[in-house]
Amino acid sequence: MKISFKGKSSVLTQNECKDAITFFASRLIPKYKNISICIHFNTIVATDKFDAQCQLTGLNKKKRPSKFNIHLKDGLDKFVSIMMLAHELTHVYQFVRGDLQPCQYISADNKKIIIIYKNKRYEMPANGTVNDLVKDRKTYKNLPWEKEAYKTQFKLIDAYVDRFSKQIKNELRGFYLD
Ligand SMILES: [Zn+2]
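For the sequence shown, the positions run 13 to 190 when this note's numbering is used.
Shown next, in the form of structure tokens:
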């Protein structure tokens, strides 16, 4: 799995980021080693309303893309940032398995956006940007691909924290044995 970075985070080191992403991907995505992900910190895509976004490169070119950009707002709590990565990795998996397809605008004035999930069309009003979709948080969280991502992020974070606490315990045990 290729992981690269644009910008710098004030809360996560590149190694922490790589470790978390590889851990989540290995649990979620079969053949995750073929995927490349670029993490962008603190870019204009991440706003107050939108903490993170999974954005595709080569939009509409491939039905099952393998290159992804994740935009993550800097300055969030460390574990919140890690949980955001778990959320976005779930979307990556939805794209990889072909359930979620890249967004396409339908009208010339970009008034509507179509998202196709599991072969079903979801048409939503948006003034040309995906950010408009998140204005109504409740509707947004109930979109089927978001529901899955919120459910999965907690499962992944549980496993991550479990592993993390095991590591600390082992280190402490080693310390007392020395
Ligand atoms: Zn999401």
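We treat Cβ as the ideally placed atom computed from N, Cα and C, and that holds for glycine.
Own chain residues within Cβ distance below 6 Å of residue 95, not counting five before or after: Counted from its first residue, the sequence shown places residue 95 at position 83. Once the five neighbours on either side are set aside, the close Cβ partners of residue 95 are 165, 169.
Inter-residue spacing [alpha-carbon to alpha-carbon] between residue 124 and residue 83: Within the sequence shown, residue 124 is the residue found at index 112, counting from 1. Within the sequence shown, residue 83 is the residue found at index 71, counting from 1. Residue 124 and residue 83: Cα-Cα distance of roughly 23 Å.
Euclidean distance between Cα positions of residue 98 and residue 185: Within the sequence shown, residue 98 is the residue found at index 86, counting from 1. Within the sequence shown, residue 185 is the residue found at index 173, counting from 1. Going from the Cα of residue 98 to the Cα of residue 185 covers about 29 Å.
Simplified DSSP assignment, three categories, for residue 140: Counting from one through the sequence shown, the residue named residue 140 turns up at place 128. Low confidence applies to residue 140: its pLDDT is 49, below 50, so where it sits in the model is not reliable enough to give any reading.
C-beta contact flag for residue 77 and residue 36 at 7 Å: Reading the sequence shown from its first residue, position 65 is the one you call residue 77. Reading the sequence shown from its first residue, position 24 is the one you call residue 36. Against a cut-off of 7 Å, the Cβ pair of residue 36 and residue 77 comes out as no contact.
Proximity of residue 33 and residue 15 at Cβ, strictly below 7 Å: For the purposes of this step, residue 33 is taken as the residue at position 21 of the sequence shown. For the purposes of this step, residue 15 is taken as the residue at position 3 of the sequence shown. Cβ atoms of residue 33 and residue 15: closer than 7 Å.
Proximity to residue 90 [Cα-Cα], best of 173, 179, 132, 17: Taking the sequence shown and counting its residues from 1, the one referred to as residue 90 is at position 78. Comparing Cα positions, the closest option is 173.
Buried or exposed (CB count within 10 angstroms, at least 16 for buried), residue 113: Within the sequence shown, residue 113 is the residue found at index 101, counting from 1. Flag for residue 113 reads buried.
Chain-order list of residues whose beta-carbon lies under 8 Å from that of residue 29 (same chain, five-residue window excluded): The residue labelled residue 29 in the question sits at position 17 within the sequence shown. Hits under 8 Å: 15, 17, 21, 51, 97.
As assigned by DSSP and simplified to three states, the class of residue 202: The chain is shown only over 13 to 190; residue 202 falls outside these bounds and no answer can be derived.
Status (buried if at least 16 other CB within 10 Å, exposed otherwise) for residue 189: As a working note, residue 189 is residue 177 in the sequence shown. So residue 189 ends up on the exposed side.
CB of residue 53 within 7 Å of CB of residue 19, strictly: Taking the sequence shown and counting its residues from 1, the one referred to as residue 53 is at position 41. Taking the sequence shown and counting its residues from 1, the one referred to as residue 19 is at position 7. Cβ distance < 7 Å, so residue 53 and residue 19 count as in contact.
Whole-angstrom C-beta distance between residue 110 and residue 163, which should lie under 8 Å: Residue mapping note: residue 163 aligns to position 151 of the sequence shown, counting from 1. Residue mapping note: residue 110 aligns to position 98 of the sequence shown, counting from 1. With 8 Å as the limit, residue 163 and residue 110 do not qualify as a contact, their Cβ atoms being about 20 Å apart.
Closer than 6 Å: residue 161 CB and nearest ligand 1 heavy atom: Taking the sequence shown and counting its residues from 1, one reaches residue 161 at position 149. Yes, the Cβ of residue 161 comes within 6 Å of a heavy atom of ligand 1.
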